[in-house]
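J.: Chains as they are written, first to last, in the numbering used here: chain A, 1 to 276; chain B, 1 to 214.
The structure that follows is given in the form of structure tokens.
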Amino acid sequence: MADITKALNLDELASKDSPIHNLDGRIKLISAVLAIVVVAFSNNLFIPIVMEIYLLIILKIAKLSYLNSFKRLLLLLPFGGAIIIFQPFIHPGNILWRYSWITVTDVGLNWAILLLARMTVSLTAIVILSSTSPMQEIVESLRKLKMPKDLAMILSIMVRFLFIFIDELSTIRKSQKSRNFHIHSKITPYKWRVRQVGYTIAMMFVKSYEQGERIYKSMISRGFSDKSNIYNEKKQLLRSDYIYIITMILLIIIIEVILIKYSNQLGYLGENLSIN
Amino acid sequence: MHIPDGFIPFWQCAIYYVILIVALYFASKWARKNLDDKRIPLLAVLAAGIFAIMSMNMPIPFGTSGHMVGGALVAIIFMAPEAAVIVFTVVLIIQALVFGDGGITVLGANVLNMAIIGGFTGLFTFKVLKDKVGIYIASGVGAWLATVLSALACAIEMAIAGTFPLTIGVASMVTYHLFIGIIEAVLTVIVIAAIEKFRPDLLYWDNEKTTGGE
């Protein structure tokens, strides 16, 4: 699951300098969502593969390390991966391989490959987005794209506080560690360890609530009210922004055209592997 | 149980998004009425707290680890599942866009499982049991049921999507979460007990008793 201590490294990564980092947040966000939507609802391998190649090129332009991005991808796979692993065995179809009662079918295997492809490309798009734009920029972009005001405001305040809580949590953990507490330690009784985690969570909860009240008070004392608007920095889109988004849209159109016109020549890549 | 992108077909994602939008409409109406101006900073900071809580992995017997979700907890503390809807929408958007946990196309489904189903189940169970067995057992059972039913909903959604057959899905997801649910329940009870001790005014039922509401 999302380890928030990684958020610190992420934001550090995201503040580097490259042609992709310098693009407008809105453009990066829309491109990532476009790529994910097109891929997540594709039913052949052609779309995910072309999109992945394109995203890997973007990754290179963004000067991100392939190895580190790949490691991040691996960390994100577990839940989806667990579901994918069962696919070849549970769908009816032509049997490819059999060992006593275990069978692998072509339908199941194809479906597993398709799911894995969809998930990998979606995650690559997210890795690019989050390693090239700081969290605050992503949230700001959502706001500029006319997300409902209340939600947008909650989001931007939340992101500011996330980092404070990362520190808060690590302080609590440090002090527990200094008293020789370890969550996986088998020397202490399990019940006791669960109770310690419970206290930590309760502490976080109370602290976050109190912090929220303090923020509220300091916000009203500075003139905040229900009708306040958050200041939006006006930022003109540059030529590079237009180029980036148009390339993405063109790529999607070209993929779709190729699929419609030449689906027979693509062979396996153009086949419909979806079962839903 | 964050469903990733690509596991649910288009029209079903659309339906879950419609549910999400309707839920958000009612949730923001609730927040306007019950939390006034205070709602924005309060819910925002709580969301950040929940985010931190979700990232704490707890070892579970049988060698795996799980983490608390907290949907029932938020719903019980506010005595309103609407609070869980707002908090979890925000948390899940950031998890999907920044951490790649869950997905953007399936946001509606994930909020439905964790916040709407989890929150409603937790709160409803709590309300029914509160006067009979006391708040601790009631919140524990509520949190446990919320986890199990969220997992069940997740399995059913996967089955409707054709991604995972119903029987195996329900059997594996629900069995697994029968255990995870115990952790969720124990932690929820401990958190509620701790809040009762340190800040009883935060709990709705204490608040009514001592100050007669705000």
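We treat Cβ as the ideally placed atom computed from N, Cα and C, and that holds for glycine.
All values reported here derive from a predicted model rather than from experimental measurement.
Taking DSSP's pairing of strands, which residues face ILE95/A in a bridge?
T.: Paired residues: THR105/A.
J.: Please classify GLY134/B as buried or exposed, where buried requires at least 16 neighbouring CB atoms within 10 angstroms.
T.: Classification of GLY134/B: exposed, given that the 10 Å Cβ count is below 16.
J.: Given this structure, state the Cα-to-Cα distance separating SER172/B from SER150/B, to the nearest angstrom.
T.: Looking at the two C-alpha atoms, the distance is approximately 13 Å.
J.: Where ILE57/A and ILE252/A are concerned, what is the direct C-alpha to C-alpha distance, given to the nearest angstrom?
T.: Going from the Cα of ILE57/A to the Cα of ILE252/A covers about 16 Å.
J.: Alpha carbon to alpha carbon, what distance is there between TRP101/A and LEU142/A?
T.: If I take the Cα positions, the gap works out to 51 Å.
J.: Closest to LEU329/A by CA distance: which of VAL127/A, SER228/A, LEU151/A, GLU140/A is it?
T.: Absent from the model: residue 329/A. The displayed extent of chain A is 1 to 276, so no value can be given.
J.: Beta-carbon separation of PRO92/A and LEU109/A under 7 Å?
T.: No. Outside cutoff.
J.: Spatial neighbours of MET153/A within its chain, please: C-beta separation below 7 Å, excluding the five flanking residues on both sides.
T.: Once the five neighbours on either side are set aside, the close Cβ partners of MET153/A are ILE230.
J.: In chain order, which continuous runs of the alpha helix (DSSP H) of length 4 or greater are located wholly inside the segment 96-169 of chain A?
T.: With a minimum length of 4 residues, the continuous alpha helix (DSSP H) runs that stay inside the segment 96-169 of chain A are 106-132, 135-144.
J.: For the pair the segment 187-204 of chain A and the segment 237-244 of chain A, tell me if three or more CB-CB distances fall below 8 Å.
T.: Verdict: no, contact absent.
J.: Use the C-beta contact count for PRO28/A: other C-beta atoms within 10 angstroms, 16 or more gives buried, fewer gives exposed.
T.: The sequence shown places Lys at residue 28/A, not Pro. Buried, by the Cβ-count rule.
J.: Is ARG26/A close to chain B, meaning its C-beta is less than 7 Å from at least one C-beta of that chain?
T.: For ARG26/A, the answer is no, since every Cβ of chain B falls outside 7 Å of its Cβ.
J.: Looking at chain A, is there any beta carbon in it that lies within less than 7 Å of the beta carbon of PRO242/B?
T.: What the structure shows of chain B is the stretch from 1 to 214, and residue 242/B is not part of that stretch, so it cannot be assessed.
J.: Taking the alpha-carbon of ALA125/A as reference, which of ILE53/A, GLU137/A, MET158/A has the nearest alpha-carbon?
T.: The shortest Cα separation from ALA125/A among ILE53/A, GLU137/A, MET158/A belongs to ILE53/A.
J.: Give the residues of chain A in contact with VAL191/B, contact being defined as C-beta atoms less than 7 Å apart.
T.: Within chain A, the residues near VAL191/B are GLY198, ILE201, ALA202, PHE205.
J.: Could you check how far apart the C-beta atoms of ALA277/A and ARG118/A are, in whole angstroms? I think they sit under 8 Å.
T.: For chain A, the structure presents residues 1 to 276; residue 277/A sits outside this window and is missing.
J.: Which residues bound the alpha helix (DSSP H) around ILE137/B?
T.: Element bounds for ILE137/B: 135-160.
J.: Under 8 Å, with one C-beta from each stretch per pair, do the segment 79-87 of chain B and the segment 261-268 of chain A reach the 3-pair mark?
T.: The segment 79-87 of chain B, when compared against the segment 261-268 of chain A, does not touch it at the 8 Å Cβ threshold.
J.: Count Cβ pairs between the segment 166-185 of chain B and the segment 135-149 of chain B that sit closer than 8 Å; are there 3 or more?
T.: Segments in contact, yes.
J.: Where do the ends of the alpha helix (DSSP H) carrying MET1/B lie?
T.: That residue, MET1/B, is in no alpha helix (DSSP H); it is neither H nor E in DSSP.
J.: Of the choices GLY80/A, HIS182/A, GLY223/A, whose alpha-carbon is the least far from that of PHE7/B?
T.: PHE7/B has its Cα closest to that of GLY80/A, out of GLY80/A, HIS182/A, GLY223/A.
J.: Going by beta carbon distance, what residues of the same chain come within less than 6 Å of VAL90/B, once the five residues before and after it are set aside?
T.: Same-chain partners within the cutoff: ALA47.
J.: Could you check if ILE50/B is buried or exposed, using at least 16 other CB atoms within 10 Å of its CB as the buried criterion?
T.: Result: buried.
J.: Identify the continuous alpha helix (DSSP H) that holds ASN110/B and give its terminal residues.
T.: That run of the alpha helix (DSSP H) goes 107-111.
J.: Out of PHE99/B, SER139/B, ASN113/B, ALA96/B, point me to the one whose CA is closest to ILE190/B's CA.
T.: Minimum Cα distance to ILE190/B is reached at SER139/B.
J.: Would you mind reading off the limits of the alpha helix (DSSP H) that contains ARG222/A?
T.: ARG222/A -> no alpha helix (DSSP H), and no H or E assigned at all.
J.: Determine whether the Cβ of ASP5/B lies closer than 7 Å to any Cβ atom of chain A.
T.: It does: the Cβ of ASP5/B has a partner Cβ on chain A nearer than 7 Å.
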